[in-house]
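Presented below is the structure to which this report refers.
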Amino acid sequence: MQELDKYYFCENNKRDMSGDILYKYRVLYGKNGSLNEFTKRLLFDGQIYLSAFESLNDPFEGQIVPQYKGITKEKVLNLYPCLKDMPDFNDIDWQSESVTSYIREFFTPKIKEDLKKYGVFCASSDCNNDLLWAHYADSHKGVCIGFDAKKLEEISGYKILPVCPQDKRPEVEFSNNGSHYDEYIVKMLTTKSSAWEYEHEYRMIAFNPPKRDIYCFDAIKEIYLGCRIEKNKDFNKEDFVRNLKEVHPYCEIKEMRMNIDTLKIESCPLIK
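FYI, in the numbering used here the residues of the sequence shown are 8 to 279.
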């Protein structure tokens, strides 16, 4: 799992990330009324956090099991000779769905353990998404941070992959050399139901990272204030922006505003 760039499963993934900006939506204040600790570290220290795969909000995460193609008894025994001693192995109908079910059952314990070793940083290619502002940025009272995607890859050392929304299980070609397992895992990490397509999601995926936090201060290029950010109790926009500019002198800072004519939110220069 060291060379994730080999596994490009979407057509739009076959490109360089140079020039791309990826956006992280964040709440600004916690329930206790103080600045959210993770958001504070991200904005002022450039610290991003690699979430555990099992903590992500889609209930299908880790449950979208790929369908194997090109699987034969000979290939299976060549890679996993121990299977021949398992009950009912010789009774499998190799032309039926039961083959994938059997192999999946064999892999399940290993998959569950391997998924615990991954850290995931999720972001979007869209900073003007009303739903993302509502869902992830405290109903437009939070912020959105834009990262230079290529710089983020360079600093972190991890590859960024797009999530592939679809309405059917992904397929994996069963290989002779065992590489299908890596592809199997990566497809589980990057496949979601088409219901999530609106998120335009990308993921930085780290296998067995030495630590869960990464400092990527130089990758931050844009900061957007939600259109309802001033509804936060005791929030002072002037002070907040001044503090941001002190630590991000070359960063573009804008605010979102509602366009009554188009019924959309738009990024605009700051109003003092």
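For glycine and all other residues, C-beta sits at the position ideal for the given N, C-alpha and C.
Asked: Can the beta-carbon of A144 be found less than 8 Å from the beta-carbon of G233?; Found: yes
Asked: Starting from the Cα of M211, find the closest Cα among Y165, I236 and K175 and give me that residue.; Found: Y165
Asked: Quick one: give me the first and last residue of the alpha helix (DSSP H) that D52 is part of.; Found: E44 to D52
Asked: What's the gap between the Cα of C134 and the Cα of G153?; Found: 8 Å
Asked: In whole angstroms, give me the CA-to-CA distance for E259 and P276.; Found: 9 Å
Asked: Closest to C223 by C-alpha separation, out of L49, D246 and K38, would be which residue?; Found: L49
Asked: Just the Cα atoms here: how many angstroms apart are D52 and F247?; Found: 15 Å
Asked: Taking the beta carbon of D98 as the centre, do at least 16 other beta carbons fall within 10 Å, making it buried, or is it exposed?; Found: exposed
Asked: Is it buried or exposed, R33, if we count other Cβ atoms within 10 angstroms and call 16 or more buried?; Found: buried
Asked: How about E208 and V170: do their beta carbons lie closer than 8 Å?; Found: yes
Asked: Determine whether the beta carbon atoms of W140 and I227 lie at a separation below 8 Å.; Found: no
Asked: Here's the rule: buried if 16 or more other CB atoms are within 10 angstroms of the residue's CB, otherwise exposed. What is V254?; Found: exposed
Asked: I'd like to check one pair, F128 with S196: are the Cβ atoms closer than 8 Å?; Found: Note that residue 196 is Leu in the sequence shown here, rather than Ser. It is not a contact, given that the beta carbons lie outside the stated cut-off.
Asked: Grab the span of the beta strand (DSSP E) containing R210 for me, first residue to last.; Found: E208 to F214
Asked: Below 8 Å on the Cβ atoms is my guess for R235 versus S146; work out the distance and round it to an integer in Å.; Found: 7 Å
Asked: With distances taken from CA atoms, which of R249, D65 and K218 is nearest Y257?; Found: R249
Asked: Taking C-beta to C-beta, are F67 and K199 nearer than 8 Å?; Found: yes
Asked: Have a look at D92 and K82 and give me their C-alpha separation to the nearest angstrom.; Found: 16 Å
Asked: Could you tell me which residues DSSP pairs with A130 in its beta bridges?; Found: Y209
Asked: What number of angstroms, rounded off, separates the C-alpha of P177 from the C-alpha of N243?; Found: 48 Å
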